[in-house]
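When we follow our numbering, the leftmost residue of the sequence shown carries the number 367, and every step to the right adds one.
Glycine included, each C-beta is placed from N, C-alpha and C at the ideal position.
From a predicted model like this one, the values you see are computed outputs, not experimental measurements.
Structure first, commentary second.
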Amino acid sequence: MMTSQPHSRPGVPKAPPPGVEKQIQITFEKTLDVRLYGRRGTAPASPLVLHFHGGAFTSGSLDSGACVAGLLAGAGAVVVSLDYPLAPAHPFPQAVDTAYAALLWAWKSRQKLAGQGARLFVAGEEAGGNLAAAVTLMARDRQQAVLAGQILLSPMLDPCLGTPSLREAAAGPVGCVWADGWQRYLTRLEDAAHPYATPGAAWRLAGLPPTLLLTAQDDPLRDETLAYAARLRAAGLAVQTAVLSEQTGWPCSYQSTAGADVAWAAAVQQQVRDFFASAESAALAAAR
């Protein structure tokens, strides 16, 4: 089991090169817009990260996801940030099915994108954290791609919206962006019980890769993030968690256009960099 405590804020985080717009072909008939960040590694290869932006399932874009995607790239990764379909026009399971198709594309393209032997990760903030967690379950179940880890920042995992951290933020069901998002994403009652829709309630967690979960003291989604970490640990899985003590404004501030200049950027980037290093060490140890 891997655990970590929040780092004190280090120096100025490394800024990635600008993103590059691209379209990828995930089926014979369907293309998706993505934005690529980072530089391909040689020896060793760079981590390859498939990234999903936030927006409570109903909003968000490649632009709003640029801050987190850029921090992942600044931590040494090649990042593919995905413009996935949004509710209510595209309710569950359309976004997660699209996300999984993009994962298969990234798996097949990993060496071209990130170098020989590149390891594949998924990452997401808020609703994007939900999709990253769901795709991780799908990858385990379908065994068409191998994930080296998942990075979840304030993931939306609990549609019940009853945690103390949400109540402290006065984010009740009336006028709550997350309540509205869940309602538009899960249009059928039975969808709320599906593990790919609500990964936080999934019964079977064995076989998942290492996980990094990031939240903050002022994060309304803090309690569901920590509850998922506890469930993963109880299943005997490798988990790193960090609860930032500084004021972050998460999850809304993930959409900041300031990128590496936001106050919490350096702490997040260091956590991600350490996670990549630990996942690499674990993979090398397992290969011996």
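- By the beta-carbon neighbour count (other beta carbons within 10 angstroms, threshold 16), Gly483 is exposed.
- With fewer than 16 other beta carbons inside 10 angstroms of its own, Phe394 counts as exposed.
- Taking a contact to require three or more Cβ pairs closer than 8 Å, the stretch 616-633 and the stretch 567-576 do not qualify as touching.
- In the DSSP annotation of this structure, the continuous segment of the alpha helix (DSSP H) that includes Ala600 starts and ends at 588-600.
- Counting along the chain, the unbroken beta strand (DSSP E) around Arg401 starts and ends at 397-403.
- A Cβ-Cβ distance of about 5 Å is found for the pair Leu523 and Tyr594, placing them in contact under the 8 Å criterion.
- Taking the CA atoms as reference points, Asp429 sits about 15 Å from Pro617.
- The alpha-carbon separation between Gln613 and Gln621 amounts to approximately 15 Å.
- A Cβ-Cβ contact shorter than 8 Å links Leu416 with Val446.
- Taking the Cα positions, Gly420 is about 15 Å away from Pro457.
- Secondary structure note for Val628: it is in no alpha helix (DSSP H), with a DSSP letter that is neither H nor E.
- Checking the DSSP bridge columns, you'll see Ile390 partnered with Leu398.
- Only exposed fits Thr408, as fewer than 16 other CB atoms lie within 10 angstroms of its CB.
- Closest by C-alpha distance to Phe641, out of Gly404, Thr464, Arg405, Ile517, is Ile517.
- Just measuring C-alpha positions, the residue of Gln477, Gly573, Leu587 sitting nearest Asn496 is Leu587.
- The beta carbon of Ala505 lies closer than 6 Å to those of Ala511, Leu513 in the same chain, with the five residues before and after it left out.
- Beta-bridge annotation (DSSP): Ala514 is not paired with any residue.
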